[in-house]
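K.L.:
This is the structure I want to talk about, given as structure tokens.
In our numbering, the protein residues as written are 658 to 852.
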């Protein structure tokens, strides 16, 4: 009887292992889609006098793409530069605006930051190493000596991490794709790197 119960439990966990990643991904996409679609749906339903599912997200994607296009034109650039300068000067808004702007540009902007995956020795005399990304090699603006670099160490199964200032000699470059290394870290090392 115990062996049957063990087999059933084993098959249950195997099923969970197969279903959970797909289900959670689909659920996450549906939740995000529903939230974004819900932002515009009431307005669009009133405007069109008809409910069209998914129209809110299409309008949002087109609007974001249009802003990207307009922001890169000569006519719109001065306005965006003025707005950027204005938002960067307002005391409380400056903190939030610049942090979000820097975070987004670190992933998708021209000044991508998570492009140098490295292996970092955590302390002298220890065999413990962590995988991270060099985000800044010149810390002179902080008064930090040239021999140190800023390394971001992401947490597994989270979108957070820690920034460490470490001696440059403790940092060893990894010869792998930055995206694959990030996936490896986020999955706590269970995803194999596709080099």
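Cβ coordinates follow ideal geometry from the N, Cα and C atoms, glycine included.
#1: Compare the C-alpha of residue 778 against each of 788, 772 and 811 and name the closest.
#2: Assign residue 631 to one of two classes, buried (16 or more other C-beta atoms within 10 Å of its C-beta) or exposed (fewer than that).
#3: Does the Cβ of residue 719 have 16 or more other Cβ atoms within 10 Å, making it buried, or fewer, making it exposed?
#4: If we count Cβ pairs, one from each stretch, closer than 8 Å, do we get three or more for the segment 682-695 versus the segment 710-724?
#5: How far does the alpha helix (DSSP H) with residue 830 in it reach, from first residue to last?
#6: Under DSSP, the beta strand (DSSP E) around residue 824 begins and ends at which residues?
#7: What separation, rounded to the nearest whole angstrom, lies between the Cα atoms of residue 660 and residue 688?
#8: Write down every uninterrupted run of the beta strand (DSSP E) in the segment 682-710 whose length is 3 residues or greater and which is fully enclosed by it, in chain order.
#9: Starting from the C-beta of residue 756, find all residues in its chain whose C-beta is less than 6 Å away, skip the five residues before and the five after it, and write them out in chain order.
#10: Please go through the segment 726-756 and give each complete alpha helix (DSSP H) segment of 4 or more residues, from N-terminal end onward.
#11: Relative to the C-alpha of residue 835, which candidate in 811, 750 and 817 has its C-alpha closest?
#12: List the residues that DSSP assigns as beta-bridge partners of residue 854.
#13: Where does the unbroken alpha helix (DSSP H) through residue 838 begin, and where does it stop?
#14: In the DSSP assignment, what residue or residues form a beta bridge with residue 719?
#15: With distances taken between CB atoms, is the gap from residue 801 to residue 791 smaller than 8 Å?
#16: At what residues does the beta strand (DSSP E) containing residue 790 begin and finish?
P.N.:
By the coordinates alone:
#1: 788
#2: A query on residue 631 cannot be resolved here, the shown segment of the chain reaching from 658 to 852 and no further.
#3: exposed
#4: yes
#5: Careful: residue 830 lies outside any alpha helix (DSSP H), inside the beta strand (DSSP E) at 828-830.
#6: According to the DSSP assignment, residue 824 belongs to the beta strand (DSSP E) that extends over 818-824.
#7: For residue 660 and residue 688, the distance between alpha carbons rounds to 40 Å.
#8: none
#9: none
#10: Residue ranges of uninterrupted alpha helix (DSSP H) with 4 or more members, entirely inside the segment 726-756 and ordered along the chain, are 734-744.
#11: 811
#12: Residue 854 cannot be examined here, being either before or after the span of the chain that is shown, 658 to 852.
#13: 835-843
#14: DSSP, once it has assigned bridges, lists no residue as partnering residue 719.
#15: no
#16: 786-793
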